[in-house]
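First residue of the sequence shown? That's 1 in my numbering, and the numbers climb one at a time after it. C-beta: ideal position from N, C-alpha, C; glycine also. Note that this is a predicted model, so its numbers are computed, not measured. Notes for the one structure printed next.
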Amino acid sequence: MMASILSPFRNSYRYLQRQAHESPVLFYSVVLGLIGPVLAFGVPPIRERFGYRPPEPIPTTYPIPKRSRRLVQGYEDEE
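Next up, the structure:
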């Protein structure tokens, strides 16, 4: 009874072994393609657990000083 339950997994393992041997490029590209989404959801919580904090966002504007503007002098055109 138990052997009949596990036979699809055994056959799948044999198929994957055969594919890895006969066409390794396709096999490993599929493996890497399946690992990508798992890592995309699995790595950020692990990074936070190790204390990673994202950097401050890069400023997109030049900061305006909190004082009154002084008039620029000495750069007038000569007439």
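| message | Give me, in chain order, the residues of the same chain whose beta-carbon lies closer than 8 Å to that of Val-72; leave out the 5 immediate sequence neighbours on both sides. | response | none
| request: Reducing DSSP to helix, strand and coil, say where Glu-56 ends up. | output: coil
| At a cut-off of 7 Å, is Pro-44 close to the ligand HEM when judged by its beta-carbon and the heavy atoms of the ligand? | As for the ligand HEM, it is missing from this structure, which has no ligand bound.
| said: If you follow the alpha helix (DSSP H) that Leu-71 is in, where does it begin and where does it stop? | reply: Run containing Leu-71: none; DSSP gives neither H nor E here.
| Continuous alpha helix (DSSP H) stretch holding Tyr-28: start and end | 24-49
| task | Select from Thr-61, Thr-60 and Pro-45 the residue whose C-alpha is nearest the C-alpha of Pro-54. | result | Pro-45
| Can you list, in chain order, the residues of its chain whose CB lies under 6 Å from that of Phe-27, leaving out five sequence neighbours each side? | Gln-19 and Ala-20
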